[in-house]
Amino acid sequence: MISHLLALIPLGAIAFLLTHPSPIRALTPPPAIPPALTLEESWKSLLDLTPPPLPPLPDSSRYIPLPTNSPSSTLYGHLAYAEAPDGDLVAVGNGEKLRQGAAVQFQAMVNAAAADGVQLVPLSGFRSREAQSYVFYAIADQRGQTLQQRARYAAPPGHSEHHTGYAIDIGDASAPTHDLRVSFENTPAFHWLTANAANFGFELSFPQNHPTINYEPWHWRWVGDAESRQIFHPSR
Ligand SMILES: [Zn+2]
Numbered sequence: 023m024i025s026h027l028l029a030l031i032p033l034g035a036i037a038f039l040l041t042h043p044s045p046i047r048a049l050t051p052p053p054a055i056p057p058a059l060t061l062e063e064s065w066k067s068l069l070d071l072t073p074p075p076l077p078p079l080p081d082s083s084r085y086i087p088l089p090t091n092s093p094s095s096t097l098y099g100h101l102a103y104a105e106a107p108d109g110d111l112v113a114v115g116n117g118e119k120l121r122q123g124a125a126v127q128f129q130a131m132v133n134a135a136a137a138d139g140v141q142l143v144p145l146s147g148f149r150s151r152e153a154q155s156y157v158f159y160a161i162a163d164q165r166g167q168t169l170q171q172r173a174r175y176a177a178p179p180g181h182s183e184h185h186t187g188y189a190i191d192i193g194d195a196s197a198p199t200h201d202l203r204v205s206f207e208n209t210p211a212f213h214w215l216t217a218n219a220a221n222f223g224f225e226l227s228f229p230q231n232h233p234t235i236n237y238e239p240w241h242w243r244w245v246g247d248a249e250s251r252q253i254f255h256p257s258r
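So the sequence shown is numbered by my numbering: it starts at 23 and just counts up by one.
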């Protein structure tokens with residue numbers, strides 16, 4: 023359409039318009055077209071519009087152990103562990119708590135053992151750093167142990183698997199005198215656990231050949247989901 027109209031305008035008039043810009047056009051120059059953004063500039067402008075990243079969720083990193091090459095990650099042979107988030111701890115009986123996933127499997131394990139005539143007792147599940155301070159420092163003091171000697175039997179605060187809410191000391195209701203003793207290995211509960219605990223995601227943390235920590239047949243940890251496996255990966 024425009025080309026048809028142009029064809030009707032004499033060439034001389036077009037030449038005049040080109041050499042004599044109208045005063046109106048000179049007063050109101052067309053808006054400047056911004057130069058096209060390069061790809062990099064486009065990304066930059068997008069990034070500028072992106073809101074600042076949210077602060078990390080308190081629970082997402084709390085229970086991830088420090089890297090093993092960190093000087094503070096191990097103490098007397100015990101790896102560092104963060105405390106389980108309080109809201110994820112569930113009662114498993116006897117006043118003890120475990121994290122949700124471990125608690126469900128622990129209860130299933132207790133029921134399965136009971137069906138076989140074995141009574142598993144939760145002796146100690148989740149433990150805070152404060153509670154572990156007593157277990158480590160106060161008992162070392164009572165027994166006249168150096169901290170290095172004590173560490174063969176218990177973890178320093180901040181370095182106990184019990185902080186994670188995935189570890190539990192288990193007893194045998196029919197043989198309480200063997201609670202938390204190596205002789206627990208002779209109880210029906212230990213024999214049953216050795217044969218069946220893996221089916222519920224539990225494994226022995228400190229077997230007989232552990233390099234730095236004494237044999238603890240009563241202490242089991244749950245490695246039944248991705249998170250618990252990640253937490254205990256450095257020690258497996
Ligand atoms: Zn333990």
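Even glycine gets a Cβ: it sits at the ideal position worked out from N, Cα and C.
Just so it is clear, the structure is predicted and the values come from calculations on it, not from any experiment.
Apart from sequence neighbours up to five positions away, the residues of its chain that approach Ser196 with a beta-carbon distance below 7 angstroms are Gln141 and Pro210, ordered along the chain. Below 8 angstroms, too few C-beta pairs join the region 181 to 190 and the region 231 to 239 to call them touching: fewer than three. By the CB criterion at 7 angstroms, Leu145 and Asp191 fall inside the cutoff.
Going by C-alpha positions, His200 is about 29 angstroms away from Arg251. With respect to the 7 angstroms criterion, Gln122 and Val112 are classified as neighbours on the basis of their beta carbons.
It is roughly 6 angstroms from the alpha-carbon of Phe148 to the alpha-carbon of Leu120.
Each residue's CA atom was taken as its position, placing Ser150 and Leu215 some 26 angstroms apart. A distance below 7 angstroms between beta-carbons, with the five flanking residues on each side excluded, links Leu101 to the following residues of its chain, in chain order: Pro87, Ser95, His181, Pro256 and Ser257.
The beta strand (DSSP E) runs of length 3 or more contained entirely in the region 149 to 195 are, from start to end of the chain, 189 to 194. For ligand 1, no non-hydrogen atom lies closer than 6 angstroms to the CB of Asp194. For the region 101 to 158, the full-length alpha helix (DSSP H) segments reaching 4 residues or more read 122 to 137 and 151 to 155 along the chain. Taken through DSSP and simplified to helix, strand or coil, His232 comes out as coil. The beta carbon of Phe212 sits closer than 6 angstroms to those of Phe206 and Pro239, all from its chain and outside the five residues before and after it, given in chain order. At a Cβ-Cβ threshold of 7 angstroms, Gln170 and Tyr98 count as neighbours. Taking 6 angstroms as the cut-off, one finds no heavy atom of ligand 1 near enough to the beta carbon of Asp247.
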